[in-house]
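Student: When you read off a place in the sequence shown, starting at 1, and then add 43, the result is the number in our numbering. For glycine and all other residues, C-beta sits at the position ideal for the given N, C-alpha and C. Predicted model, so just to flag it, every value in this text is computed and none were measured.
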Amino acid sequence: MKIGLIGVGRWGENHLRTLLDIGNVEVVVYDTDEGRLSEIIAKYGVESAGSFNEILDAEGVIIATSASDHFEHT
Numbered sequence: 044m045k046i047g048l049i050g051v052g053r054w055g056e057n058h059l060r061t062l063l064d065i066g067n068v069e070v071v072v073y074d075t076d077e078g079r080l081s082e083i084i085a086k087y088g089v090e091s092a093g094s095f096n097e098i099l100d101a102e103g104v105i106i107a108t109s110a111s112d113h114f115e116h117t
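Below, the structure is given as structure tokens:
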């Protein structure tokens with residue numbers, strides 16, 4: 044199963060760890076903070092989406108952005 048994760052801040056990283064612990068899940072991440080995104084990719088070895096729209100191709104999407112940005116992505 045392919046899951047998209049939008050936002051890799053504190054809560055996003057928690058979601059990512061949980062998804063990876065489940066196993067048998069491919070996680071693709073997206074964040075507008077390129078520095079943080081690079082850290083997460085290096086730390087967990089996950090793939091990043093090239094754009095917000097690309098992540099929507101996943102079978103499921105978790106929106107883990109800040110509260111002020113969350114509505115924009117729903």
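Which same chain residues, not among the five before or five after G50, have their C-beta less than 7 Å away from its C-beta?
Tutor: D74, I106, A107, T108
Student: Let me confirm a value: I93 is counted as buried when at least 16 other C-beta atoms fall within 10 Å, else exposed. Which label applies?
Tutor: The residue you asked about is not Ile; residue 93 is Gly in the sequence shown. Exposed: under 16 other Cβ atoms inside 10 Å.
Student: How would you write the range of the alpha helix (DSSP H) that G88 sits in, first residue to last?
Tutor: That residue, G88, is in no alpha helix (DSSP H); it is neither H nor E in DSSP.
Student: Check G78 in the structure and name its three-state DSSP category.
Tutor: helix
Student: Taking E56 as the reference, which of V72, N67, V104 has the closest Cα?
Tutor: In terms of CA proximity to E56, V72 leads the group V72, N67, V104.
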